[in-house]
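Before any comments, here is the structure.
2 protein chains.
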Amino acid sequence: MNKIKGNIADQTLCPVARAESVVGDRWTVLILRELFMRMHRFEEIQAQTGATPQMIAARLKKLEADGIVKRRVYNKRPLRHEYQLTEKGEAFYPVILALRAWGETWCKSPKEGRAVTYTHLTCGKPAGLGPACESCGKPLHREDLVAEQAPKYRREREARWDAFKANR
Amino acid sequence: MNKIKGNIADQTLCPVARAESVVGDRWTVLILRELFMRMHRFEEIQAQTGATPQMIAARLKKLEADGIVKRRVYNKRPLRHEYQLTEKGEAFYPVILALRAWGETWCKSPKEGRAVTYTHLTCGKPAGLGPACESCGKPLHREDLVAEQAPKYRREREARWDAFKANR
DNA sequence: GCTTGTTACTATGATTTTCATAGCAAATAT
DNA sequence: ATATTTGCTATGAAAATCATAGTAACAAGC
């Protein structure tokens, strides 16, 4: 079995170390990103993250063990599961949002444009990068956000899916 | 040389993937935590993270290459450097804060208590877990926060330092 | 009833990273 | 001259990761 290693967790009071022992891994975070984008199937996650099936399987198993993800049967015969965020998983959203804000601001050239833009349902206007709405100033919650992918980003994701489907 | 691998970065518009190619690693995040706690020396970072010197050295080198950390000479003879956050590094604070909030809330039993509590200078009251001040509601900025370590956490860190100094 | 397709993985062996342990260099302090 | 401090680098074993291939369990079409 694949352990991702996380035993500092029980030896420190530091919440950052505790959190990192659960999500301190690139694939894990990318999987969570996909789940937040409502991709629930193994295949979709594999295609969009580019990780090997073992990487995905190991991470999902650990995420489930850590109470962040739950499996749900969506088809009985053949038995098929989909992956969903638990309450603990949903609560991770602010981290993803902060990571997105930092990534958009500091890891891209301005002319590239945003991958996703959010509209704040509460006020009907652009939400910006958070954590507070750039239009109305209120704190952003996931359920009040409508995401729109930039055409370029949508094409990028479609291309990845097509490429994945093509060679199998 | 030690590459941490980060080339998805240039192939996707996704800011989360971009960010992860830079900070998607447990040691990297723990190093950043230490820098935010104003530990600037190699030794201190090594002692408090528990990583091997190569891990620290490789991560610091990459963080410097990625513009998140800068080295500063604090002693000429013998030549000694300390590590500081750049503007890009400082901008990462909201991610650490969000990670802390999630870790405190979901990765600890309530009776363990907080590792660090923040007072919000703007209103003089407890800041809570953010991103907005739990007392006055305003968004939290690092420069307006005064951190106080819980005695238990302070002792934990002192013990780690002593243990590190002891065996070398 | 046999081939093809779908989905979710598991198996395998090479490559790469990480870990534990030790050591070095360039000074200062004693 | 010897010990100590600080910031690393070297080495080899152990573990994780990667690319590639394959399996299982069924459904659907011919």
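So the sequences go chain by chain: B and E. Counting in full-length UniProt numbering, the first sequence runs from 1 upward without gaps. Counting in full-length UniProt numbering, the second sequence runs from 1 upward without gaps. Here a beta-carbon is modelled for each residue, glycine too, at the ideal position from N, C-alpha and C.
* Taking buried to mean at least 16 other C-beta atoms within 10 Å of its own C-beta, is B:E158 buried or exposed? -> Walking along the first sequence from the start, residue 158 of chain B turns up at place 158. Classification of B:E158: exposed, given that the 10 Å Cβ count is below 16.
* Could you work out which residue in B:L32, B:L30, B:G24 and B:F42 is closest to B:F164 when comparing CA atoms only? => Locating residue 164 of chain B in the first sequence gives position 164, counting from the first residue. Nearest C-alpha to B:F164 among B:L32, B:L30, B:G24 and B:F42: B:F42.
* In chain order, what residues of the same chain have a beta carbon less than 6 angstroms from the beta carbon of B:V22, not counting five sequence neighbours either side? -> Sequence index remark: in the first sequence, residue 22 of chain B carries index 22 (1-based). A distance below 6 angstroms between beta-carbons, with the five flanking residues on each side excluded, links B:V22 to the following residues of its chain, in chain order: D66.
* Identify whether E:K25 lies in helix, strand or coil by the three-state DSSP scheme. => Here residue 25 of chain E is taken as the residue at index 25 of the second sequence, counted from 1. According to the sequence provided, residue 25 of chain E is Asp. The question's Lys does not apply to it. The answer is strand: DSSP assigns E:D25 an E or B state.
* Residues of its chain near B:T28, where Cβ-Cβ distance is below 6 angstroms and the 5 sequence neighbours each way are ignored -> Locating residue 28 of chain B in the first sequence gives position 28, where the first residue counts as 1. Once the five neighbours on either side are set aside, the close Cβ partners of B:T28 are R59.
* Asked: Taking C-alpha atoms, which residue in B:A51, B:G130, B:R26 and B:P151 lies nearest to B:Y93?
  -> Counting from one through the first sequence, the residue named residue 93 of chain B turns up at place 93. Comparing Cα-Cα distances from B:Y93 to each of B:A51, B:G130, B:R26 and B:P151, the minimum goes to B:G130.
* To do: Give a yes or no on whether 8 angstroms exceeds the smallest Cβ distance from B:K3 to chain E.
  => Within the first sequence, numbered from 1, the residue matching residue 3 of chain B stands at position 3. Legend: pLDDT at B:K3 = 40, less than 50; position of this residue unreliable, no value from coordinates given.
* **C-alpha gap between E:V16 and B:Y118, whole angstroms** => As a working mapping, residue 16 of chain E is identified with position 16 in the second sequence. As a working mapping, residue 118 of chain B is identified with position 118 in the first sequence. If I take the Cα positions, the gap works out to 15 angstroms.
* Test: B:L30 CB closer than 8 angstroms to a CB of chain E -> The count along the first sequence starts at 1 and reaches residue 30 of chain B at position 30. B:L30 counts as touching chain E.
* Pairing CB atoms from the segment 92-107 of chain E with CB atoms from the segment 96-113 of chain B, are three or more of them under 8 angstroms? -> Inter-segment contact for the segment 92-107 of chain E and the segment 96-113 of chain B is present: three or more beta-carbon pairs are separated by less than 8 angstroms.
* Measure the CB-CB distance between E:C14 and B:A115 and report whether it falls below 8 angstroms. => The residue labelled residue 14 of chain E in the question sits at position 14 within the second sequence. The residue labelled residue 115 of chain B in the question sits at position 115 within the first sequence. It is a contact, given that the beta carbons lie within the stated cut-off.
* To do: Quick one: list the residues of chain B neighbouring E:T105, beta-carbon separation under 7 angstroms, in chain order.
  => Here residue 105 of chain E refers to the residue found at position 105 when the second sequence is read from its first residue. Within 7 angstroms Cβ-Cβ: A91.
* Asked: Per DSSP, E:T12 is paired with what?
  -> For the purposes of this step, residue 12 of chain E is taken as residue 12 along the second sequence, with counting starting at 1. By DSSP's assignment, E:T12 forms no beta bridge with any residue.
* Asked: Nearest to B:K88 by CA position, among B:Q149, B:V73, B:E44 and B:V69, is which residue?
  -> Within the first sequence, the letter at position 88 stands for residue 88 of chain B. Looking at B:Q149, B:V73, B:E44 and B:V69, the one whose alpha-carbon comes closest to that of B:K88 is B:V69.
* Asked: Within 8 angstroms (strictly less), CB to CB, does residue 169 of chain B reach chain E?
  -> The question about residue 169 of chain B has no answer here: the residues shown for chain B are numbered 1 through 168.
* Is the CB of B:P131 under 8 angstroms away from at least one CB in chain E? -> Position 131 of the first sequence holds residue 131 of chain B. By this cut-off, B:P131 is an interface position.
* Which two residues bound the contiguous beta strand (DSSP E) that contains B:R80? -> Stepping through the first sequence from its first residue, residue 80 of chain B is reached at position 80. Its beta strand (DSSP E) spans residues R80 to L85.
* Just grab the DSSP bridge partners of B:T117 for me. => Sequence index remark: in the first sequence, residue 117 of chain B carries index 117 (1-based). The partner list for B:T117 (beta bridge, DSSP) reads B:E148.
* **Residues near E:R160 by beta carbon distance below 8 angstroms, same chain, minus five either side** => Residue mapping note: residue 160 of chain E aligns to position 160 of the second sequence, counting from 1. Only residues of its own chain outside the window of five on either side were considered, and among them A47, Q48 and G50 have a CB closer than 8 angstroms to the CB of E:R160, listed in chain order.
* To do: Could you pull the start and end residues of the alpha helix (DSSP H) that B:K62 belongs to?
  => Within the first sequence, the letter at position 62 stands for residue 62 of chain B. For B:K62, the enclosing alpha helix (DSSP H) starts and ends at P53 to A65.
* **Start and end residues, beta strand (DSSP E) containing B:R72** => Here the question's residue 72 of chain B lines up with position 72 in the first sequence. Per DSSP, B:R72 is one residue of the beta strand (DSSP E) stretching across V69 to N75.
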